[in-house]
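Heads up, the thing below is written out as structure tokens.
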Amino acid sequence: KERKTKGFPSSEGLHQPFQILLRVERSWTSGFEAEEGTWGLSGSLLSLSDPRSPQDLCRELHAKVEVVDEERYDIEAKCLHNTREIKDLKLKVLDLRGKFKRPPLRRVRVSADAMLRALLGSKHKVSMDLRANLKSVKKEDTEKERPVEVGDWRKNVEAMSGMEGRKKMFDAAKSPTSQ
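Heads up: the sequence shown is residues 76 to 254, going by this note's numbering.
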């Protein structure tokens, strides 16, 4: 009777790939150890018995370094030339900006009819009264509604002090709006 578990595999299944990797590593290292005994260091290094081969190698390397240095110098010269040209062009642009300075724009009042004539030409006769659509607002005379009372300020202060004065102020505030 085997139990089938849903979800995670058992811990044995998780260790299996690790065991396989260990075996491969052991076989690999044992193979290198066996080869080192036969091959040794003599095969990995250049034979130093012939003095011309390292010299030839150095000459080849120096020739390649010279070619790379020449290319680098050429690229650097091109880059310097381009930066000088960019600076010159920037100066020319600044000079041109100074010569052709635009005047500040002014506000001009143009009627709607004049704008339509300018856009559509003089052949089309279109008139629009844009002001007719505006709502009119009447000014209310606030000064005429309330007459200004001029009197003795001391009587006013004495009359308004205390709870009775506050009641009078409350009633006075209510009465003009209710009329």
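C-beta: ideal position from N, C-alpha, C; glycine also.
Bear in mind the structure is a predicted one, so any value in this text is a computation, not a measurement.
* To do: Hey, could you find the ends of the alpha helix (DSSP H) S128 is sitting in?
  => According to the DSSP assignment, S128 belongs to the alpha helix (DSSP H) that extends over R127 to K174.
* Asked: Where S186 and V168 are concerned, what is the direct C-alpha to C-alpha distance, given to the nearest angstrom?
  -> Approximately 39 Å between the Cα atoms of the pair.
* Could you spell out where the alpha helix (DSSP H) holding L209 opens and where it closes? => Run containing L209: none; DSSP gives neither H nor E here.
* To do: Could you tell me the boundaries of the alpha helix (DSSP H) in which R192 lies?
  => Taken as a continuous stretch (DSSP letters only), the alpha helix (DSSP H) holding R192 covers A187 to L195.
* Nearest-angstrom Cα separation, counted from K249 out to E239 -> Answer to the nearest angstrom: the Cα atoms are 15 Å apart.
* Helix, strand or coil: which one does DSSP assign to S119? -> Confidence in S119 is poor, its pLDDT being 49 and thus under 50, which makes the residue's placement too unreliable to answer from.
* Helix, strand or coil at P179 [DSSP, three-state] -> Reduced to three states, the DSSP call for P179 is coil.
* To do: Give the straight-line distance between the Cα atoms of K139 and N157, rounded to the nearest whole angstrom.
  => In a straight line, the C-alpha of K139 is about 27 Å away from that of N157.
* Simplified DSSP state of S102, which is helix, strand or coil -> S102: helix per DSSP, three-state reduction.
* **Three-state secondary structure (DSSP) of R241** => Reduced to three states, the DSSP call for R241 is helix.
* With a CB to CB cut of under 6 Å and the five nearest residues on each side skipped, what residues in its chain are close to K165? -> Exclusion of the five residues before and after K165 leaves no residue of its chain whose Cβ lies closer than 6 Å to its Cβ.
* Asked: Using the C-alpha atoms, what's the distance from I161 back to K153?
  -> Cα to Cα, K153 sits roughly 12 Å from I161.
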